[in-house]
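*Asks:* Counting from 0, one number per residue, gives the positions in the sequence shown under numbering that gives the first Met the number 0. In this text, a Cβ means the ideal position worked out from N, Cα and C, and glycines have one as well. For clarity, every value in this text was computed on a predicted model and none was experimentally measured. Have a look at this one.
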Amino acid sequence: MVRFKYRHLLVEFLDPDSLSPLPSVNLPSPEEVEGEEWEGEEELARIPSLPFVLPLNPTKPLLGDEGASAIYKAVRAMCQNVFGDEGWGRVSSSFKVTYHSSLTTLTLLRVARPHYRLLWAAITLLTTVGGVAVLPRVLAVSGTIKKLQAAAIVHHRRVTAAAVAALLKEGSKGEADKEALEKRWVVERDELVRMEAPE
């Protein structure tokens with residue numbers, strides 16, 4: 000008996016208006032290094048572990064509560080526009096939005112193993128979802144949902160810590176938002192843990 004194999008993609012949808020550029024790199028000028036033994040090696044700035052900024056208002060969801068259906072429709076439209084009916088036909092039989100967090104915009108997608116790159120390409124080409132400008136980023140791809148769950152939980156913790164730190168910088172105004180966010184993130188983390196593999 001042959002088992003049908005899937006690939007699971009962990010995708011994050013970022014708000015392009017809330018992104019900040021990476022820190023500037025200050026390379027030494029050739030005059031500064033004339034006397035030193037320097038073989039032309041450039042020192043580059045370390046890439047941050049979180050190369051993004053959280054949405055301007057983390058208490059307001061970027062895609063709303065109906066984000067999963069909006070993502071499905073946007074991916075379907077992009078597949079049809081770029082790859083035609085044949086491309087969508089390949090993806091459609093196995094494509095499913097398994098999980099979507101309206102707060103952090105983390106989304107788990109499932110597709111048949113031979114067609115995951117086609118889906119990945121369609122996601123990369125997305126610019127809007129449900130009329131909202133987005134910047135999609137595929138964080139991980141896995142053959143098992145358990146490994147993707149672990150990656151989602153690790154990423155979720157990083158996002159939560161960054162959001163709480165940003166709210167703490169705001170001071171007393173951010174205290175109420177911080178408590179509300181922590182409660183919602185605990186619920187979403189529990190949902191990620193309870194999510195079972197599809198049958």
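Within the same chain, show all residues whose beta-carbon is closer than 8 Å to that of Ser92, passing over the 5 residues directly before and after it, in chain order.
*Replies:* Counting only Cβ-Cβ distances below 8 Å, and skipping sequence neighbours, we find Ala111.
*Asks:* Provide the residue span of the beta strand (DSSP E) that contains Phe12, from first to last.
*Replies:* That run of the beta strand (DSSP E) goes 5-13.
*Asks:* Per DSSP, what kind of secondary structure is Ser209 in: helix, strand or coil?
*Replies:* With the chain covering 0 to 198 only, the question about residue 209 has no answer from this structure.
*Asks:* Can you find a heavy atom of the ligand GDP that lies under 8 Å from the Cβ of Pro113?
*Replies:* Only the bare structure without any ligand can be found here, which leaves the ligand GDP out of the picture.
*Asks:* State buried or exposed for Arg109, treating a residue as buried only when at least 16 other CB atoms are found within 10 Å of its CB.
*Replies:* With 16 or more Cβ atoms within 10 Å of its Cβ, Arg109 is classed as buried.
*Asks:* What ranges does the alpha helix (DSSP H) occupy inside the segment 83-164, keeping only unbroken runs of at least 4 residues that lie completely in it?
*Replies:* With a minimum length of 4 residues, the continuous alpha helix (DSSP H) runs that stay inside the segment 83-164 are 115-123.
*Asks:* Between the C-alpha atoms of Met77 and Arg183, what's the straight-line distance to the nearest angstrom?
*Replies:* So the alpha carbons of these two residues sit roughly 31 Å apart.
*Asks:* Compare the Cα-Cα distances from Val137 to each of Val192, Thr104, Glu85 and report the closest residue.
*Replies:* Ranking the options by Cα distance to Val137, first place goes to Thr104.
*Asks:* Rounded to the nearest angstrom, what separates Ala67 and Leu61 at their Cα positions?
*Replies:* Near 12 Å, if we compare the C-alpha coordinates of Leu61 and Ala67.
*Asks:* Whose C-beta lies closer than 7 Å to the C-beta of Tyr5 among residues of the same chain, with five residues either side of it excluded?
*Replies:* Answer for Tyr5: Ser93, Arg109, Val110, Ala111, Arg112, listed in chain order.
*Asks:* How many Å lie between Asp189 and Ala160 at the Cα?
*Replies:* Each residue's Cα considered, the two are about 16 Å apart.
*Asks:* Let me confirm a value: Ala121 is counted as buried when at least 16 other C-beta atoms fall within 10 Å, else exposed. Which label applies?
*Replies:* Ala121 is buried by the Cβ-count criterion.
*Asks:* Relative to the C-alpha of Arg157, which residue among Val140, Lys145, Pro135, Glu181 is closest?
*Replies:* It is Glu181.
*Asks:* If you draw a straight line from the C-alpha of Val186 to the C-alpha of Lys95, how long is it?
*Replies:* Computed Cα separation, rounded: 23 Å.
*Asks:* DSSP on Glu36, reduced to helix/strand/coil?
*Replies:* Its pLDDT being 48, under 50, Glu36 is placed unreliably in this model, and the value from its coordinates should be taken loosely. Reduced to three states, the DSSP call for Glu36 is coil.
*Asks:* Measure from the alpha carbon of Val128 to the alpha carbon of each residue in Asp64, Asp14, Ala73, Leu191, then state which is nearest.
*Replies:* Checking every option, the nearest Cα to that of Val128 belongs to Ala73.
*Asks:* Consult DSSP for Arg75 and reduce its assignment to one of helix, strand or coil.
*Replies:* It is helical.
*Asks:* Buried or exposed for Leu229, please, with buried defined as at least 16 other CB atoms from any protein chain shown within 10 angstroms of its CB.
*Replies:* Residue 229 lies beyond the residue range present for the chain, which begins at 0 and ends at 198; the question has no answer from this structure.
*Asks:* With DSSP run on the structure shown, which of helix, strand or coil describes Val186?
*Replies:* Looking at Val186 - three-state DSSP - the assignment turns out to be helix.
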